[in-house]
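*Asks:*
Number of protein chains: 2
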Amino acid sequence: MTETAPRPTLEAVAARAGVSRATVSRVVNGGDGVRERLVERVRKAVDELGYVPNQAARSLVTRRHDAVAVIVAEPETRVFADPFFALQLRGISKELTAHDNQLVLLLTEGRDDHARVARYLAGGHVDGALVFSLHLDDPLPGLIQSAGVPTVFGGRPGWSGETRGVVYVDVDNRGGARDAVRHLTGLGRTRIAHIAGALDQTSAVDRLDGYRDVMVDADPRLIAEGDFTPAGGERAMRELLERCPDVDAVFAANDLTAAGALRVLREAGRRVPDDVAVIGFDDMLPVAEQTDPALTTVRQDIEEMGRLMARLLLRELDRRPSDEPVAPAPSSVVLPTTLVRRASA
Amino acid sequence: MTETAPRPTLEAVAARAGVSRATVSRVVNGGDGVRERLVERVRKAVDELGYVPNQAARSLVTRRHDAVAVIVAEPETRVFADPFFALQLRGISKELTAHDNQLVLLLTEGRDDHARVARYLAGGHVDGALVFSLHLDDPLPGLIQSAGVPTVFGGRPGWSGETRGVVYVDVDNRGGARDAVRHLTGLGRTRIAHIAGALDQTSAVDRLDGYRDVMVDADPRLIAEGDFTPAGGERAMRELLERCPDVDAVFAANDLTAAGALRVLREAGRRVPDDVAVIGFDDMLPVAEQTDPALTTVRQDIEEMGRLMARLLLRELDRRPSDEPVAPAPSSVVLPTTLVRRASA
DNA sequence: GACGATTGTGAGAGCGCTCTCGCAACCGCC
DNA sequence: GGCGGTTGCGAGAGCGCTCTCACAATCGTC
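Chains X and V are the protein sequences, given in the same order.
The opening residue of the first sequence carries number 1 in my numbering; numbering runs sequentially from there.
The opening residue of the second sequence carries number 346 in my numbering; numbering runs sequentially from there.
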């Protein structure tokens with residue numbers, strides 16, 4: 001029933017406005033170099049017919065798609081357990097929309113998908129890609145790089161290959177970690193432990209480095225490796241309590257880890273923050289505010305991170321087509337963090 | 346430097362294989378009606394040249410895009426605070442990928458965006474749309490419907506317009522709510538309260554209805570309206586404690602609400618579940634498992650919901666082009682829920 | 001009023017693909 | 001060996017757009 005009426009073409013608009021296709025095209029694309037009277041006549045015809053340009057036809061000749069792929073490698077479900085991902089997407093989406101670009105979402109699920117993604121990118125369906133590379137050994141960045149598609153990474157790619165020319169947006173994990181630990185020393189704590197994240201991710205490594213920056217000659221037994229999950233936090237906290245019963249503060253690699261640690265501490269009868277102060281990382285709201293006591297943590301502006309990734313990519317895309325000698329290539333950006341004080345430290 | 350080599354065309358492949366464009370096209374699209382020998386020769390040429398079809402050119406003639414828009418209306422940030430969204434996306438993504446369709450993500454942000462989305466859909470960039478319609482008064486479903494794009498909704502659209510032919514996937518909110526409340530009555534509770542969600546959403550309404558199904562002539566003072574947030578849950582719980590100090594169970598519209606209620610109950614010195622049993626809805630893991638005590642809740646298979654939405658849409662898309670008399674139109678699906686027993690009830 | 005310079009417009013080619021159509025080549029049959 | 005009936009392949013049109021290029025109209029200038 002809903003027989004879709006054939007969409008009007010440039011031709012149709014031209015006929016109605018009494019001009020040529022070329023003129024309509026010019027008007028639709030900004031109207032430069034067309035006399036005001038004609039512009040109006042064309043605009044009117046466009047409105048009356050409800051003309052919308054056919055993107056496929058346009059792409060065919062311009063080789064531009066005004067579309068960007070967002071690639072989320074998701075070997076674990078962790079990505080989905082926190083709102084991180086959604087917030088970044090929102091930032092990206094806002095920025096892309098503001099520049100009339102579409103967001104094509106590619107979720108990858110293990111090795112098989114890599115080939116698929118590579119093929120898709122090579123297929124030239126999109127003008128560029130935003131990639132969240134989570135793991136040190138992830139082959140995806142390499143594949144993408146070799147597909148020759150302009151790319152911006154989310155988070156410093158811990159990648160052994162060529163890194164010149166790699167553009168990424170990251171938060172200042174190391175600096176944020178330093179702030180957290182300094183806050184703890186400022187509270188007079190001396191036996192400050194760190195529960196690290198999964199160390200195959202640069203964010204975990206950087207946070208550990210930040211901890212070490214402050215605790216220059218920390219007792220190595222004060223460092224336990226978690227995996228960014230509450231369960232990992234619990235496990236690590238138990239180890240720590242056993243190894244170093246005198247621990248008086250914990251800097252956890254993220255909020256979920258901290259939540260796990262808090263639970264173990266409560267079970268062990270340690271009061272937080274009186275006996276042991278705890279700081280998390282991320283300021284992941286549904287968690288950080290729900291813990292008991294509410295979690296002091298390092299906040300990062302995730303949405304801004306997404307927005308920035310998109311902005312850098314779009315800038316690069318604008319730069320490319322015009323083979324102007326040396327428009328400066330965008331370089332990576334590291335966003336600041338802020339310490340959010342709540343009850344736990 | 347990375348001068349992108351011009352991508353090979355059908356023409357190039359044809360020349361290399363010593364056949365015509367048409368034959369290459371046939372092979373690329375399945376190879377029917379081409380002799381085995383030629384198929385092989387063409388395949389070889391395709392591989393050697395690394396040929397990938399130009400989607401824009403193909404779409405131009407086929408009017409198919411093999412792309413589906415996912416539209417998330419997001420007037421509130423709530424959507425992003427829970428993993429809901431991400432899980433549905435994952436389900437959708439899996440299904441679409443399996444059928445070689447792309448996922449174009451459209452996040453909308455208030456009224457202005459509606460026009461943008463409508464225009465985009467009308468522009469025929471995608472073959473269909475998956476829409477999450479959250480609010481009763483949302484004009485989006487109407488706009489989309491009138492754009493004539495095949496659509497499947499996530500969650501029953503609470504929509505006053507024409508509903509015949511509307512296809513949606515929902516979870517059995519009402520049934521799940523009934524199960525939860527029956528579980529509470531089974532525990533011998535009699536003063537069972539309900540903290541409703543934002544009642545401009547069908548899920549909240551349905552859960553309330555489910556509660557009423559069991560508590561046929563419940564004391565109306567046992568019903569408080571929340572808004573799906575922890576803060577709303579706290580507020581509602583305080584009201585309830587004041588109005589009905591004898592409350593011995595609470596069924597909350599979702600886990601976040603339940604988390605808020607739990608906190609207020611603890612403050613008020615009520616033991617959970619001994620004095621007051623609490624049940625949530627969603628089984629939103631980072632929350633439900635972290636509360637103290639761990640939350641008994643109603644689980645829904647979010648990912649499956651996404652997958653199903655995609656499947657229904659793809660089926661509809663397959664149905665349409667071939668104007669076969671009456672391939673049965675897909676109809677809506679309601680997914681079952683399961684009660685997950687933890688410590689709180 | 002005739003001149004080049006400027007600006008506005010249209011004709012037409014072509015982007016890379018699909019798909020219809022007609023022609024060969026081949027089949028089995030009388 | 002001549003006949004209709006398949007089957008396999010290529011020629012060519014055309015999808016809706018952009019963009020170059022040539023031409024027409026307008027301008028200021030001497």
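No residue lacks a Cβ here, since even glycine has one placed at the ideal position from N, Cα and C.
These numbers were taken from a predicted model, which means no experiment stands behind them.
Quick one: residues in its chain with C-beta nearer than 7 Å to the C-beta of serine 548 of chain V, no 5 flanking neighbours on either side, listed in chain order?
*Replies:* For serine 548 of chain V, where only same-chain residues beyond five positions count, the Cβ hits under 7 Å are Gly500, Asn518, Gly542.
*Asks:* Buried or exposed, going by whether 16 or more other CB atoms sit within 10 Å of the CB of glycine 510 of chain V?
*Replies:* The residue in question, glycine 510 of chain V, is exposed, as its Cβ has fewer than 16 Cβ neighbours within 10 Å.
*Asks:* Going by alpha carbons, who is nearest to valine 384 of chain V out of V:Val364, V:Gln400, V:Val497?
*Replies:* Closest option to valine 384 of chain V, Cα to Cα, is V:Val364.
*Asks:* Compile a chain-ordered list of the residues in the stretch 287 to 299 of chain X whose CB is closer than 8 Å to at least one CB of chain V.
*Replies:* Going along the stretch 287 to 299 of chain X in chain order, one finds Val287, Glu289, Gln290, Thr291, Asp292 with a Cβ nearer than 8 Å to chain V.
*Asks:* If we cut at 8 Å on Cβ distances, does histidine 459 of chain V have a partner in chain X?
*Replies:* For histidine 459 of chain V, the answer is no, since every Cβ of chain X falls outside 8 Å of its Cβ.
*Asks:* Can you tell me the Cβ-Cβ gap for arginine 386 of chain V and alanine 357 of chain V, rounded? I've got them flagged as a contact below 8 Å.
*Replies:* That belief does not hold up - the Cβ atoms of arginine 386 of chain V and alanine 357 of chain V are roughly 14 Å apart, past 8 Å.
*Asks:* With a Cβ-Cβ cutoff of 8 Å, do serine 676 of chain V and leucine 105 of chain X count as a contact?
*Replies:* No, the Cβ-Cβ distance between serine 676 of chain V and leucine 105 of chain X is not below 8 Å.
*Asks:* Inspect the beta-carbon positions of alanine 394 of chain X and arginine 189 of chain X and report whether they are closer than 8 Å.
*Replies:* This structure gives no information on residue 394 of chain X, because the portion of chain X shown stretches from 1 to 345.
*Asks:* Name, in chain order, the residues that DSSP records as bridge partners for phenylalanine 498 of chain V.
*Replies:* Answer is V:Val476, V:Tyr513.
*Asks:* Is DSSP giving threonine 530 of chain V helix, strand or coil here?
*Replies:* Helix at threonine 530 of chain V.
*Asks:* Which bits of chain V does glycine 124 of chain X rub up against, with CB to CB less than 9 Å?
*Replies:* The answer, in chain order, is Thr349, Arg352, Val397, Asn399, Gln400, Ala401.
*Asks:* Runs of 4 residues minimum, wholly inside the stretch 212 to 287 of chain X: which ones carry the alpha helix (DSSP H) assignment?
*Replies:* The qualifying runs are 230 to 243, 255 to 267.
*Asks:* Could you give the C-beta distance for glycine 578 of chain V and isoleucine 624 of chain V, rounded to a whole number, given that I count them as a contact under 8 Å?
*Replies:* Wrong, their Cβ atoms sit about 13 Å apart, outside the cutoff.
*Asks:* If you follow the beta strand (DSSP E) that glutamine 447 of chain V is in, where does it begin and where does it stop?
*Replies:* That run of the beta strand (DSSP E) goes 447 to 453.
*Asks:* Using the DSSP secondary-structure output, state which residues sit across from isoleucine 195 of chain X in a beta bridge.
*Replies:* Answer by DSSP bridge pairing, in chain order: X:Ala224, X:Ala252.
*Asks:* Please report the residue range of the beta strand (DSSP E) in which valine 70 of chain X lies.
*Replies:* Note, valine 70 of chain X: beta strand (DSSP E), 67 to 73.
*Asks:* Would you say glutamate 669 of chain V lies against chain X (beta-carbon separation less than 8 Å)?
*Replies:* Residue confidence is low: glutamate 669 of chain V scores 46 on pLDDT, short of 50, so the model does not pin down where it sits. Its coordinate-derived value is still stated next. No - not a single Cβ of chain X is within 8 Å of the one on glutamate 669 of chain V.
*Asks:* For leucine 10 of chain X, does the three-state DSSP call read helix, strand or coil?
*Replies:* Looking at leucine 10 of chain X - three-state DSSP - the assignment turns out to be helix.
*Asks:* Would you say serine 133 of chain X lies against chain V (beta-carbon separation less than 8 Å)?
*Replies:* False, the Cβ-Cβ gap to chain V never drops below 8 Å.
*Asks:* From V:Arg615, V:Ala522, V:Val609, V:Glu661, pick the residue whose C-alpha is nearest to that of asparagine 599 of chain V; which is it?
*Replies:* Selected option, being the one with the closest Cα: V:Ala522.
*Asks:* Kindly say whether serine 59 of chain X, judged by its beta-carbon, lies nearer than 8 Å to any beta-carbon of chain V.
*Replies:* Judged by the 8 Å Cβ criterion, serine 59 of chain X is in contact with chain V.
*Asks:* Report yes if the CB atom of leucine 312 of chain X is closer than 8 Å to the CB atom of valine 152 of chain X, and no otherwise.
*Replies:* Cβ distance < 8 Å, so leucine 312 of chain X and valine 152 of chain X count as in contact.
*Asks:* Determine, using beta carbons only, whether threonine 368 of chain V comes closer than 8 Å to chain X.
*Replies:* No, no contact with chain X.
*Asks:* Following the continuous beta strand (DSSP E) through glutamine 645 of chain V, name the residue where it begins and the one where it ends.
*Replies:* Segment 641 to 645, the beta strand (DSSP E) holding glutamine 645 of chain V.
*Asks:* Can you give me the start and stop residues for the beta strand (DSSP E) that leucine 680 of chain V sits inside?
*Replies:* Note, leucine 680 of chain V: beta strand (DSSP E), 678 to 680.
*Asks:* Along the stretch 430 to 464 of chain V, where does the CB come closer than 8 Å to a CB of chain X? Name the residues.
*Replies:* Of all residues in the stretch 430 to 464 of chain V, Phe430, Ala431, Leu432, Leu434, Arg435, Ser438, Lys439, Thr442, Gln447, Leu448, Val449, Leu450, Leu451, Leu452, Glu454, Asp458, Arg461, Arg464 have a Cβ within less than 8 Å of some Cβ in chain X.
*Asks:* Got a sec: which bits of the stretch 573 to 594 of chain V sit with their beta carbon under 9 Å from any beta carbon on chain X, in order along the chain?
*Replies:* So the close ones are Pro575.
*Asks:* Please list the partners that leucine 199 of chain X has in chain V, where partner means a Cβ-to-Cβ separation under 8 Å.
*Replies:* Simply none; closest approach about 22 Å.
*Asks:* Please determine, among X:Asp227, X:Gly226, X:Leu208, the residue with the shortest C-alpha to C-alpha distance to alanine 218 of chain X.
*Replies:* Looking at the Cα atoms, X:Leu208 is the closest of the given residues.
*Asks:* Less than 8 Å between CB atoms is the rule here; does alanine 204 of chain X satisfy it with respect to chain V?
*Replies:* Output row for alanine 204 of chain X: interface = no.
*Asks:* If you drop the 5 nearest sequence neighbours on each side, which residues of the same chain put their C-beta closer than 7 Å to that of aspartate 483 of chain V?
*Replies:* Result list for aspartate 483 of chain V: Ala418, in chain order.
*Asks:* Return no unless some Cβ of chain X is closer than 8 Å to the Cβ of leucine 601 of chain V.
*Replies:* Yes, its Cβ sits closer than 8 Å to a Cβ of chain X.
*Asks:* What residues of chain V sit near threonine 129 of chain X, judged by a beta carbon separation below 9 Å?
*Replies:* The amino acid occupying residue 129 of chain X in the given sequence is alanine; threonine does not appear at that position. Per Cβ cutoff of 9 Å: no residues; alanine 129 of chain X is ~13 Å from chain V at best.
*Asks:* For a test of the three-state rule: what should DSSP assign to threonine 683 of chain V, helix, strand or coil?
*Replies:* Three-state DSSP puts threonine 683 of chain V in a strand.
*Asks:* Apply the 10 Å Cβ neighbour rule to arginine 221 of chain X and answer buried if 16 or more other Cβ atoms are within range, or exposed otherwise.
*Replies:* Classification of arginine 221 of chain X: exposed, given that the 10 Å Cβ count is below 16.
*Asks:* Nearest to glutamate 649 of chain V by CA position, among V:Val679, V:Leu452, V:Leu662, V:Val379, is which residue?
*Replies:* Here the closest residue by C-alpha is V:Val679.
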